[in-house]
Structure formats: structure tokens, C-alpha cells
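Reminder that position 137 of the sequence shown reads as 137 in the UniProt record's numbering, one-by-one numbering, no gaps. We put the beta carbon where it would ideally sit given N, CA and C, even for glycine. Since we're looking at a predicted model, the values are computed, not measured. Note sheet for the following structure.
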Amino acid sequence: MSVAMSSTCPGTYCGRMMVNGSVEGECGVCPRGERANLQNVCERCTESPELYDWLYLGFMAMLPLVLHWFFIEWYSGKKSSSALLQHITAMLECSVSTVVTLLVTEPVGKLSIHSCRVQMLSDWYTMLYNPSPDYINTLHCTQEAVYPLYTIVLIYYAFCLVLMMLLRPLLVKKIACGLGKSDRFKSIYAALYFFPILTVLQAVGGGLLYYAFPYIILVLSLVTLAVYMSASEIQSDHPNTITPHRQYPLAHTLLC
């Protein structure tokens, strides 16, 4: 019996479309925003993300902000006022990117999203589970089974990069006049490196990050704080005073 005439579809992620209450068409990939259920019928994702899903999205959204703050402090030297303004700008960029990303994701125009529940690690890597019913031809059913947890992060990074390129160079050029020409834009150059790295991490290791991010937070918070404190001047005439130069480790600790 052919795949098209069978009541079920091969593989975990292949499904058939439901039109006017009846299942029609051949087995194949479900449209974006839908996922094959246990009956191999493409079903629209209408559930709200679980708390763990929101925590994962928050973690992925905070990575660019924490890296922005780290490199701003790293390259700002003793220009505390300049660094503080760049910190605020970086937070503004990430906040606006978050709002815009939520607005362009289904349901469009609302600060909420519909999602497919994550059931297992393989949901993140459906391209590895395309079945071969006759052991010769492959039925391609690659889809975003964890919609929209996979692509929404990539969209967010794209908006962050665009806003950074629009806002940050003008700000840095205006307020960082005391730094050399080769130094004032180093925090921006660093972002041009870590954004592609974050994108590749999400594209390749999104599923692993989803399950491991609570432990990654603990490790990263310790490592980044240790590196920052070892490279910064932490002694002053008023050790109990929270200066702008110390706001990065304080904010980092609170966020993590």
C-alpha cells in the first residue's frame, strides 16, 4: 500500500492535511505553525508556552544583553559615564527587539505567542528523522516541531543586530570622544562576532541549550564575573560605594 493511501504516515513528524473536517493529501511536511499529532494529522499549534519555555526564551534573549554589557565594560576603560550610556542603549535595543519579535509572531500584533509543546529532544532536530518507507526514497518531513521556540530566537537576534547598527555607532561617536578611533567601536565589533556565534549555537544546539540552560546560567555567571573582576580595578577610596563602573557585575548577578 502506498504512503498516500495508508491511514498512518511513516516517521514521527510526517502528517497529512485536514481540509473541511476530513484528512486529505499525501503524507509530508506540515505547514509552519502546525505539527503532526498521534494520528499523523497536521494540527495547528494553539497552546501557550509553558513556564520553562518562557525561561528558555528569556535566557536566549539575555545572552546578547549580557555580552553587550561585558564588552562595553571591557573596552570602555575608565569612561564610566560613557559606559553607562552604552549599557542603557544596549538594554533599550534588546527590549525593543523583544517587543517587536513578539508582535510579529503568531498571533500577530499581540504580546503573546502560540507554541507547540516540546515533547522530546528529537523535536528540535526533525531533519534527522526523515523516514524512508521503501528504504530507497526519503520522505522529507523536516519542520519546526517546537514552533516557534527555534525561529523566534533567530528573529530576535536579527532585530537586535539591526537596532544596534542603527543606534550604537551614533551614540558611541558622540559620547566616546576621549577614546581612540580604534577603541571607541570595539564593543560594536565584538557584537558583530558574537551575534553570528549565538546564531550558530541556536541553529545547531538549540535542543541541547533548551535542556541545559539552567546549568549553563550557573557556570556562565561564575566565569564571566571572575573574568571581569580579575581584569577590573575593584579597589577604590570608597569600597562600599556602588559606582557606575561596578554596575555591570551587580546587574549581571541580579539577572543571573
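Per DSSP, the bridge partner or partners of residue i
i, result
"Arg32", "Looking at the DSSP assignment, Arg32 forms no beta bridge with any residue, so it has no partner."
"Met18", "Val23"
"Glu47", "Ser115"
Endpoints, the alpha helix (DSSP H) within which residue i is located
i, result
"Met127", "Note, Met127: premise wrong, no alpha helix (DSSP H); not H, not E."
"Met60", "Leu51 to Ser76"
N-terminal and C-terminal residue of the beta strand (DSSP E) that residue i is part of
i, result
"Cys9", "Element bounds for Cys9: n/a, residue is neither H nor E."
"Arg44", "Cys42 to Arg44"
Nearest-angstrom beta carbon gap, residue j and residue i [assumed within contact, 8 angstroms]
i, j, result
"Val41", "Val19", "Wrong, their Cβ atoms sit about 11 angstroms apart, outside the cutoff."
"Gly33", "Glu106", "6 angstroms"
"Ser60", "Val153", "The displayed chain sequence assigns Met, not Ser, to residue 60. Contact holds; Cβ gap of about 5 angstroms."
"Tyr215", "Glu73", "Not quite, the Cβ-Cβ distance comes to about 25 angstroms (not below 8 angstroms), so this is no contact."
"Trp124", "Ala90", "No, Trp124 and Ala90 are not in contact; Cβ-Cβ is about 29 angstroms, not under 8 angstroms."
"Leu171", "Leu85", "7 angstroms"
"Gln143", "Cys30", "5 angstroms"
"Phe213", "Tyr56", "6 angstroms"
Inter-residue Cα distance where the pair is residue i and residue j
i, j, result
"Glu26", "Met127", "19 angstroms"
"Met62", "Ile217", "11 angstroms"
"Ile242", "Arg117", "A caution first: Ile242 carries a pLDDT of 49, below 50, which makes its placement in the model too unreliable to give a value."
"Ser112", "Trp54", "11 angstroms"
"Ala190", "Pro196", "11 angstroms"
"Tyr211", "Tyr135", "33 angstroms"
"Phe157", "Ser97", "Looking at the sequence shown, residue 157 is not Phe but Tyr. Each residue's Cα considered, the two are about 8 angstroms apart."
"Tyr129", "Glu43", "19 angstroms"
"Leu65", "Phe194", "11 angstroms"
"Val100", "Pro133", "42 angstroms"
"Tyr13", "Gly109", "29 angstroms"
"Glu47", "Ile88", "34 angstroms"
"Gln235", "Ala36", "Note on Gln235: pLDDT 47, under 50, position unreliable in the model; the coordinate value appears next. Taking the straight line from one Cα to the other gives about 59 angstroms."
"Met17", "Gly28", "9 angstroms"
"Cys9", "Leu102", "34 angstroms"
"Leu201", "His114", "24 angstroms"
"Met209", "Asn137", "The sequence as given places Leu at residue 209; Met does not occur at that position. Approximately 32 angstroms between the Cα atoms of the pair."
"Tyr150", "Ser230", "36 angstroms"
"Leu161", "Ser187", "13 angstroms"
"Ala226", "Leu220", "10 angstroms"
Kindly provide the ranges of any alpha helix (DSSP H) runs that are 4 or more residues long and lie completely inside the region 161–226, ordered along the chain. none
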